[in-house]
Ligand code: SF4
């Protein structure tokens with residue numbers, strides 16, 4: 001029997017037109033840009049707040065804790081890497097204090113373009129920041145929305161706890177697993 005083993009999902013290169021993006025100012029105080037990971041033609045798009053590190057301190061490739069926990073839930077739900085694409089509200093990880101509201105609003109336009117181009121069948125938003133930005137409502141939270149489907153921006157959308165929150169509070173893992181399974185089941189229904 002195969003067992004779970006975290007792996008480095010392929011990174012989607014940043015489009016040439018966006019490589020020099022400086023629109024929100026994070027280019028001078030954020031990590032390098034990561035556009036997305038996994039299969040850009042996948043039926044499921046997972047939306048996180050911002051990219052975690054894909055390289056360790058010495059620059060060698062690594063699978064960060066967020067990705068490890070997400071991949072475990074994905075594996076247990078019977079989903080394959082090819083069925084998934086991961087992207088972010090912000091394409092850079094902020095390294096210092098920044099204007100959150102303004103930066104998220106500006107960078108969301110890139111996600112909107114990705115949606116138009118990729119047209120995923122299902123969306124899974126992870127964590128309150130991704131949920132609030134994607135739903136366009138600062139009042140909503142994972143707690144009140146998880147476990148069911150929502151029509152957002154014209155897409156069937158589910159929400160779940162951020163894998164990092166799950167690592168900090170392992171009692172949340174069964175809820176993350178449940179929500180990823182919800183998405184896997186829906187995909188089986190519609191395919
Ligand atoms: S975070 Fe988004 S808007 Fe800001 S510089 Fe990067 S790609 Fe551009």
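Residue numbers (full-length UniProt numbering): 1 to 191. Heads up, the beta-carbon is just placed ideally off N, CA and C, and yes, glycines get one too.
Original post:
Given a threshold of 16 other Cβ atoms within 10 Å of its Cβ, counted over all protein chains shown, does residue 148 qualify as buried or as exposed?
Top reply: Of the residues assessed, residue 148 falls on the exposed side of the cut-off, its CB having fewer than 16 other CB atoms within 10 angstroms.
**OP:** Compute the minimum distance between the beta carbon of residue 21 and the heavy atoms of the ligand SF4, and state whether it is under 6 Å.
**Re:** Yes.
**OP:** Tell whether a beta-carbon distance below 7 Å holds between residue 64 and residue 56.
**Re:** Against a cut-off of 7 Å, the Cβ pair of residue 56 and residue 64 comes out as no contact.
**OP:** Report the three-state DSSP secondary structure of residue 22 (helix, strand or coil).
**Re:** In the structure shown, residue 22 adopts coil according to DSSP, grouped into three states.
**OP:** Assign residue 50 to one of two classes, buried (16 or more other C-beta atoms within 10 Å of its C-beta) or exposed (fewer than that).
**Re:** A buried status is given to residue 50, since no fewer than 16 other beta-carbon atoms sit within 10 Å of its beta-carbon.
**OP:** Return the chain-ordered list of same chain residues with a C-beta closer than 7 Å to the C-beta of residue 133, the five sequence neighbours on each side being excluded.
**Re:** Cβ within range, chain order: 89, 104, 108.
**OP:** Have a look at the DSSP bridge pairing and note the partners of residue 64.
**Re:** Looking at the DSSP assignment, residue 64 forms no beta bridge with any residue, so it has no partner.
Original post:
How about residue 14 and residue 35: do their beta carbons lie closer than 7 Å?
Top reply: In this structure, residue 35 lies closer than 7 Å to residue 14 by Cβ.
Original post:
What three-state label does DSSP hand residue 125 in the structure shown?
Top reply: Reduced to three states, the DSSP call for residue 125 is strand.
Original post:
If we call anything under 7 Å between Cβ atoms a contact, is residue 38 one with residue 86?
Top reply: The beta carbons of residue 38 and residue 86 sit closer together than 7 Å.
Original post:
By Cβ distance, which residues of its chain are closer than 6 Å to residue 92, with the 5 residues on each side in sequence left out?
Top reply: Answer for residue 92: 26, 30, 31, 33, listed in chain order.
**OP:** Report yes if the CB atom of residue 186 is closer than 7 Å to the CB atom of residue 115, and no otherwise.
**Re:** Not in contact: residue 186 and residue 115 (Cβ atoms no closer than 7 Å).
Subject >> Cβ-based neighbour list, residue 183, same chain, cut-off 8 Å, excluding 5 preceding and 5 following >> reply: If we look at residue 183 and ignore the five residues flanking it on each side, its Cβ neighbours are 44, 77, 79, 122, 124, 158.
Original post:
Apart from the five residues just before and just after residue 165, which ones in its own chain have a Cβ nearer than 8 Å to its Cβ?
Top reply: Same-chain partners within the cutoff: 127, 172.
Original post:
What are the boundary residues of the beta strand (DSSP E) that includes residue 184?
Top reply: First-last for residue 184: 173-190, but that is the alpha helix (DSSP H), not the beta strand (DSSP E).
Original post:
When every heavy atom of the ligand SF4 is checked, does at least one fall within less than 6 Å of the C-beta of residue 91?
Top reply: Flag set: Cβ of residue 91 near the ligand SF4.
Subject >> Separation of residue 176 from residue 5, as counted between CA atoms >> reply: For residue 5 and residue 176, the distance between alpha carbons rounds to 18 Å.
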